[in-house]
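Structure first, commentary second.
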Amino acid sequence: MVSSAQEGKYAIVTDRWQKFSDVSLDAEVMQFLANFADEFLVHGVDVEGKKLGIDEELVALLGKHSPIPVTYAGGVTVMNDLERIKTAGMDNVDVTVGSALDIFGGNLAYKDVVAWHNQQKVFVA
């Protein structure tokens, strides 16, 4: 599942983020889709790969309404972005980091991200 801000809502987009669906991401849609998945991976399309910061509103929406585990991707640039995701997502949103990592040519040290992750509390249901 991927998303992009459009007119104040997050539309689910497909086909390499080129086709916008008529479905907006909200609590009801997440509840419905949770019937068919064990977890969500949601990309902030508008910030993905740009290293300009995260989509904090999207993270907050996911943290508040996702009934199953959810991982957010997109825009992570600095270590503080990880803390912003933790806070905005109310400790309910995990994160994946890609092109910002030094191992992929970015400026964010992989070892620092791993160390941050290892310091977090992990809850297993």
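Residue numbers for the sequence shown follow the numbering used here, so the first one is -19 and each next one is one higher.
Idealized CB from N, CA, C, for every residue including glycine.
Excluding the five sequence neighbours on either side, which residues of its own chain have a C-beta within less than 8 Å of the C-beta of Glu19, listed in chain order? Ile48, Pro49, Val50, Thr51
On the CB-based measure, 16 or more other CB atoms within 10 Å of its CB, does Ile65 come out buried or exposed? buried
Best match in Leu42, Asp61, Asn72, Leu41 for proximity to Ile34 [C-alpha to C-alpha]: Asp61
On the three-state DSSP scale, how would you describe Asn67? The residue you asked about is not Asn; residue 67 is Thr in the sequence shown. Looking at Thr67 - three-state DSSP - the assignment turns out to be helix.
If you run the structure through DSSP and keep just helix, strand and coil, what is Leu38? helix
Jot down the residue ranges of each uninterrupted beta strand (DSSP E) in the segment 69 to 93, minimum 3 residues, whole runs only, in chain order. 73 to 76
Give the single residue among Phe84, Ala14, Val22, Glu8 whose Cα lies nearest to the Cα of Ile(-8). Val22
Three-state class that DSSP yields for Asp114 in the structure shown: For residue 114 there is no data in the structure shown, the boundaries of the chain being -19 and 105.
Is Ala95 helix, strand or coil when you go by DSSP? helix
Are the beta-carbon atoms belonging to Ser79 and Gly69 less than 9 Å from one another? no
Do you know offhand how far Ala95's Cα is from Val58's? 14 Å
What does DSSP give as the partner residues of Val(-7) in its beta bridges? Phe0
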